[in-house]
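Novice: Residue numbers (my numbering): 159 to 220. Glycine included, C-beta positions come from ideal geometry on N, C-alpha and C. Note that the structure is a prediction, hence the values are computed from the model and not measured.
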């Protein structure tokens with residue numbers, strides 16, 4: 159499977175935000191995420207980094 163986990167980067171650390179992210183898209187200046195289980199979150203920030211090899215999305219607050 160190709161889903162990734164989303165983390166929030168804060169104070170030099172990464173904290174898990176949402177597991178098994180299936181969909182990620184920009185939405186009205188924010189980032190919409192939905193995982194395989196239907197859980198949805200909207201993050202007010204930006205993408206810091208995406209690692210396809212490690213299936214990892216790192217987000218950062220504005």
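Compute the beta-carbon to beta-carbon distance between residue 181 and residue 217, rounded to the nearest angstrom, for a pair I have assumed lies under 8 angstroms.
Specialist: The pair is not a contact, with the Cβ atoms about 14 angstroms apart (cut-off 8 angstroms).
Novice: If we ignore side chains and look at the alpha-carbon of each, how far apart do residue 190 and residue 198 end up?
Specialist: Taking the straight line joining both Cα atoms gives about 7 angstroms.
Novice: Kindly provide the ranges of any beta strand (DSSP E) runs that are 3 or more residues long and lie completely inside the region 162-201, ordered along the chain.
Specialist: Within the region 162-201, the complete beta strand (DSSP E) runs of at least 3 residues are 162-168, 171-185, 188-193, 198-201.
Novice: Assuming residue 203 and residue 219 are in contact, meaning their beta carbons sit under 8 angstroms apart, how far apart are those beta carbons, in whole angstroms?
Specialist: Right, their Cβ atoms sit about 4 angstroms apart.
Novice: Residue 217 lies in the beta strand (DSSP E); which residues open and close that run?
Specialist: Element bounds for residue 217: 214-219.
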